[in-house]
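Remarks on the structure that follows.
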Amino acid sequence: ATITQSYQERASLPNTSPVASYLLRLIATKQTNLCVSADVSTTRELLQLAEEVGDSICMLKTHADIINDFGPRTIQGLKEIAAKKHFLIFEDRKFGDIGSTVQKQFTAGPLQIVRWANIINAHIFPGPAIITALSQAAHKPPLLRSLLILAEMSSAGNLMTGSYTEQCVVEARKNPEFVMGFIAQRSLNEQPGDNFVTMTPGVQIGATGDGLGQQYNTPEQVIIEAGTDIIIVGRGVYGAQDKRAKAEEYRVRAWKAYEERIGP
Ligand code: 5FU
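Position in the sequence shown (first residue = 1) + 4 = UniProt numbering.
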């Protein structure tokens, strides 16, 4: 199904959330299916990294709660660089609570995630109301926001397998306007009509793990063998001396893998 279709083709399929369509077009235009995970601890480092890798990525993933001095300057800086370099912002907040609480975590507090993150993610272990609650909060006032459901994780021994993962797909199919896809280790587009975007963390060239549960695959393993759409790379890029060159190296590897997968 979607495994052999181009990003460009998939952008205009029915059942595709508006943010997914936008992202798929952006990926095709910029020729990048790389997301860099910016797990740094200051606003200065975050904005510097965004500038350095901006041309090579379709998306920047953040953990706003690990930025020591996160504030209005961080938000404004991020938004400006994202607009200038044309990438989306994904806050990896992993919401996982009752609907009423996640609405507050999404819109209020020191982070005000809804104001600046185009894409967020959530666990469905609290039940499907987490999806409707986040959707409601994103739509008043109307903002173009989209959700990734955490269907699988990269860490060793995680419990997100089998029927849990299947249930994630069931809930996503019920909310195609708001749910753009999954964080997963393989494509979960199994039924005709499925066009979810799969983003895969746990990618690094030349490492198998980090000693704290993280497990790594290569860009080729996740794009060609597992059929996913976007690789998410953290330490593999920001841990390098020359971050710009490293991001470009990952972009080329993941893009070639995609071209090989869809064929001529
Ligand atoms: F949902 C997940 C997951 O299953 N694995 C992950 O590694 C999220 N992550 C995030 O991706 C994690 O919190 C880091 O921010 C990033 C991976 O960073 P790395 O340095 O490439 O290991």
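Backbone N, C-alpha and C fix where the C-beta goes; we use that ideal spot for every residue, glycine too.
- Assigned with DSSP and collapsed to three states, P268 falls in coil, not helix or strand.
- Taken through DSSP and simplified to helix, strand or coil, I102 comes out as coil.
- Listed by position in the chain, the residues whose beta carbon lies within less than 5 Å of some heavy atom of the ligand 5FU are S41, D43, M157, S158, I187, P205, Q218, G238, R239.
- Below 8 Å, too few C-beta pairs join the stretch 102-119 and the stretch 84-94 to call them touching: fewer than three.
- Inside the stretch 170-199, DSSP marks whole beta strand (DSSP E) runs of 3 or more residues at positions 183-187, from first to last along the chain.
- One Cα belongs to Q208, the other to T232, and the distance between them is close to 15 Å.
- Look at the beta carbons and you see the stretch 40-54 touching the stretch 68-79: at least three pairs across the two are nearer than 8 Å.
- Bridge pairing for L154: I187 [DSSP].
- Straight through space, the alpha carbons of G267 and N125 are spaced by roughly 31 Å.
- Nearest Cα to T222 within the set S25, L38, P18: L38.
- Look at S41 here: in three-state DSSP terms it is strand.
- For V237, the enclosing beta strand (DSSP E) begins and ends at 234-237.
- Taking a C-beta distance under 7 Å as the contact criterion, N199 and T6 qualify as a contact pair.
- By the C-beta density criterion, Q189 is buried, having at least 16 other C-beta atoms within 10 angstroms.
- When DSSP states are grouped into helix, strand and coil, P146 belongs to the strand group.
- DSSP places I124 in the uninterrupted beta strand (DSSP E) bounded by 123-126.
- The alpha carbon of M184 has as its nearest neighbour, out of P22, S16, A211, the alpha carbon of P22.
- CA-to-CA, the gap between E95 and S41 works out to about 10 Å.
- Cβ atoms of A155 and F186 come within 8 Å of each other, at about 4 Å.
- With 16 or more neighbouring CB atoms inside 10 Å of its own CB, V226 falls in the buried class.
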